[in-house]
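Take a look at the structure below.
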Ligand code: GLU
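In our numbering, the protein residues as written are 102 to 460.
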């Protein structure tokens with residue numbers, strides 16, 4: 102296993118990964134769904150919308166130690182598919198933070214912004230299978246649609262049977278209020294969104310609820326009816342960007358990820374990702390969702406709640422706090438970060454993670 106240091110001085114100049122990385126054909130050379138992983142491949146997949154905070158560190162520590170304790174690889178993927186929210190400054194800062202905290206990733210760093218061809222290929226396969234349709238609904242048109250427990254709109258299927266052309270570009274100026282501040286060019290070239298047809302009468306066993314059952318290593322048995330709780334979801338947005346749900350499924354498979362360890366804010370996204378894996382014939386990884394860290398007001402730490410960036414200066418103390426948050430037995434004797442990691446990898450006990458994060 103070739104272990105690489107985080108490349109902090111060259112973040113934007115790494116092409117698609119070799120080795121553990123991005124085999125385009127691995128999506129086609131598929132393992133049957135749910136085949137047991139031959140060996141452990143984990144990943145950390147931050148979105149560079151801001152620096153890492155304590156909550157992201159907790160997730161990174163869990164994914165890193167879980168991979169290393171299993172003798173596995175740990176990949177780093179920059180999830181910058183939403184180019185409207187991501188910045189190169191945040192990307193550089195995240196890489197510097199990871200390096201300063203002693204994380205060592207395997208293989209080349211993968212950047213989603215360089216992988217449009219893979220996402221397009223997956224979309225085409227879904228289209229050929231009759232699972233895609235174009236949608237013209239605007240956010241304001243969906244404002245009154247019902248919402249699920251996570252506050253997400255449950256798509257009511259407005260455009261499902263309209264057979265709108267997939268490649269249609271909408272002159273949204275006709276439909277939307279004009280905003281004089283917005284660049285006209287992007288208005289004139291707005292796409293229709295593409296949605297995934299979650300359930301179909303011809304589905305195996307005619308599972309029109311698209312019921313997904315799966316096991317989470319921390320949260321246990323999970324189930325969700327994707328048709329009832331989410332509805333047909335977007336895979337390519339109206340602004341032409343690929344949606345996270347599509348990119349994450351394609352990338353996890355292309356990178357051979359066997360184990361997804363990530364924050365519990367994504368627990369509710371997992372069923373739709375498993376559904377997509379099944380329709381694309383991709384293997385289903387194991388999942389471990391790490392309890393969210395909340396601030397004193399009970400809000401999830403995030404850029405929106407002004408969570409403070411973690412500082413390399415106090416790396417050892419901050420790592421020890423993240424370790425305790427994960428319910429692990431204290432590692433107080435470690436003199437430095439390298440010693441902390443050695444002890445942590447030897448002592449890792451994922452069963453000790455408490456669903457409420459010890460609160
Ligand atoms: N990019 C996501 C985030 O930063 C993580 C996605 C994932 O791990 O599946 O929250």
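Ideal Cβ placement from N, Cα and C applies to all residues, glycine included.
Span of the alpha helix (DSSP H), counted from its first residue to its last, around residue 421: Position 320 of the chain shown, counting from 1, holds the residue named residue 421. Counted as a single uninterrupted DSSP element, the alpha helix (DSSP H) harbouring residue 421 occupies residues 416 to 426.
Residue 441: first and last residue of the uninterrupted alpha helix (DSSP H) it sits in: Translated into positions along the chain shown, residue 441 becomes position 340. In this chain, the alpha helix (DSSP H) harbouring residue 441 covers 438 to 448.
Limits of the unbroken alpha helix (DSSP H) element including residue 353: As a position in the chain shown, residue 353 is number 252, starting the count at 1. Run containing residue 353: 345 to 355, per the alpha helix (DSSP H) assignment.
Beta-bridge pairing of residue 313 - partner residues as DSSP gives them: By one-based count along the chain shown, residue 313 stands at place 212. Note: residue 313 sits in a beta bridge opposite 325.
Residue 251 versus residue 414 - alpha carbon distance: Counted from its first residue, the chain shown places residue 251 at position 150. Counted from its first residue, the chain shown places residue 414 at position 313. Put simply, the backbone Cα of residue 251 is about 36 angstroms away from that of residue 414.
Near the ligand GLU: residue 147 beta-carbon under 6 angstroms from a heavy atom: As a first step, residue 147 must be located in the chain shown, where it is residue number 46. For the ligand GLU, at least one heavy atom lies less than 6 angstroms from the Cβ of residue 147.
Enclosing alpha helix (DSSP H) for residue 193 [first to last residue]: The residue labelled residue 193 in the question sits at position 92 within the chain shown. It spans 189 to 201 - the alpha helix (DSSP H) in which residue 193 sits, taken as one unbroken run.
beta-carbon residue 363 near the ligand GLU non-hydrogen atom, thresh 6 angstroms: Within the chain shown, the letter at position 262 stands for residue 363. Correct: residue 363 has its Cβ closer than 6 angstroms to the ligand GLU.
Distance, residue 378 Cα to residue 133 Cα: As a position in the chain shown, residue 133 is number 32, starting the count at 1. As a position in the chain shown, residue 378 is number 277, starting the count at 1. Model confidence at residue 133 stands at a pLDDT of 38, short of 50, so the residue's coordinates are unreliable; what they give is reported in the following sentence. Their backbone Cα atoms lie some 10 angstroms apart in a straight line.
Whole-Å CB distance - residue 337 paired with residue 224, under 8 angstroms assumed: To locate residue 337, count along the chain shown from 1; it is residue 236. To locate residue 224, count along the chain shown from 1; it is residue 123. Contact annotation, residue 337 with residue 224: C-beta distance approximately 6 angstroms; criterion of less than 8 angstroms satisfied.
Any non-hydrogen atom of the ligand GLU within 6 angstroms of residue 180 CB: In the chain shown, residue 180 corresponds to position 79, counting from 1. Residue 180: yes, Cβ under 6 angstroms from the ligand GLU.
Pick from 346, 330, 228 that is closest to residue 268, judged by C-alpha positions: On the chain shown, position 167 is the one that residue 268 refers to. Residue 228 is the option with its Cα nearest to residue 268.
Minimum C-alpha distance to residue 169 - residue among 360, 239, 432: Reading the chain shown from its first residue, position 68 is the one you call residue 169. The candidate whose alpha carbon is nearest that of residue 169 is 360.
Alpha carbon of residue 212 to alpha carbon of residue 176, nearest angstrom: Translated into the one-based positions of the chain shown, residue 212 becomes position 111. Translated into the one-based positions of the chain shown, residue 176 becomes position 75. Going by the C-alpha atoms only, they are around 11 angstroms apart.
Residues bridged to residue 174 [DSSP beta-bridge criterion]: By 1-based counting over the chain shown, the position of residue 174 is 73. Under the DSSP definition of a beta bridge, residue 174 partners with 142.
Alpha carbon of residue 216 to alpha carbon of residue 433, nearest angstrom: The sequence position of residue 216 within the chain shown is 115, counting from 1. The sequence position of residue 433 within the chain shown is 332, counting from 1. About 42 angstroms.
Opening and closing residue of the beta strand (DSSP E) in which residue 390 lies: Translated into the one-based positions of the chain shown, residue 390 becomes position 289. From DSSP, the beta strand (DSSP E) with residue 390 extends over 387 to 391.
Buried/exposed call for residue 188, threshold 16 Cβ in 10 Å: Working through the chain shown from its first residue, we reach residue 188 at position 87. Result: exposed.
Burial state of residue 352 (16 or more Cβ within 10 Å): For the purposes of this step, residue 352 is taken as residue 251 along the chain shown, with counting starting at 1. Residue 352 is buried by the Cβ-count criterion.
Extent of the continuous beta strand (DSSP E) run through residue 256: The residue given as residue 256 occupies position 155 in the chain shown. That residue, residue 256, is in no beta strand (DSSP E); it is neither H nor E in DSSP.
Outcome for residue 407 when other beta-carbon atoms lying within 10 angstroms are tallied against a minimum of 16: Here the question's residue 407 lines up with position 306 in the chain shown. Taking every protein chain shown into account, the CB of residue 407 has fewer than 16 other CB atoms within 10 angstroms, so this residue is exposed.
Distance between residue 231 and residue 70 (C-alpha atoms, nearest Å): With the chain running from 102 to 460 in the structure shown, residue 70 is simply not present.
Element boundaries [beta strand (DSSP E), containing residue 235]: For this step, residue 235 is matched to residue 134 along the chain shown. Judged by DSSP secondary structure, residue 235 falls within the beta strand (DSSP E) whose first and last residues are 233 to 236.
Separation of residue 320 from residue 214, as counted between CA atoms: Start at 1 with the first residue of the chain shown, and residue 214 comes out as number 113. Start at 1 with the first residue of the chain shown, and residue 320 comes out as number 219. The straight-line gap from Cα to Cα measures roughly 32 angstroms.
Residue range of the unbroken beta strand (DSSP E) whose run includes residue 218: Looking up residue 218 in the chain shown gives position 117. Unbroken run through residue 218 is the alpha helix (DSSP H), 217 to 229; no beta strand (DSSP E).
Local conformation of residue 361 per DSSP, three classes: As a working note, residue 361 is residue 260 in the chain shown. Correct three-state label for residue 361: strand.
Reference residue 419; option with closest CA among 302, 437, 405, 294: Taking the chain shown and counting its residues from 1, one reaches residue 419 at position 318. Looking at the Cα atoms, 437 is the closest of the given residues.
Collapsed DSSP secondary structure at residue 452 in the structure displayed: Mapped onto the chain shown, residue 452 falls at position 351. Secondary structure of residue 452 (DSSP, three-state): helix.
Distance between beta carbons of residue 220 and residue 172, contact taken as under 8 angstroms: Here residue 172 corresponds to residue number 71 of the chain shown, with the count starting at 1. Here residue 220 corresponds to residue number 119 of the chain shown, with the count starting at 1. The C-beta separation of residue 172 from residue 220 comes to about 31 angstroms, leaving the pair out of contact by the 8 angstroms criterion.
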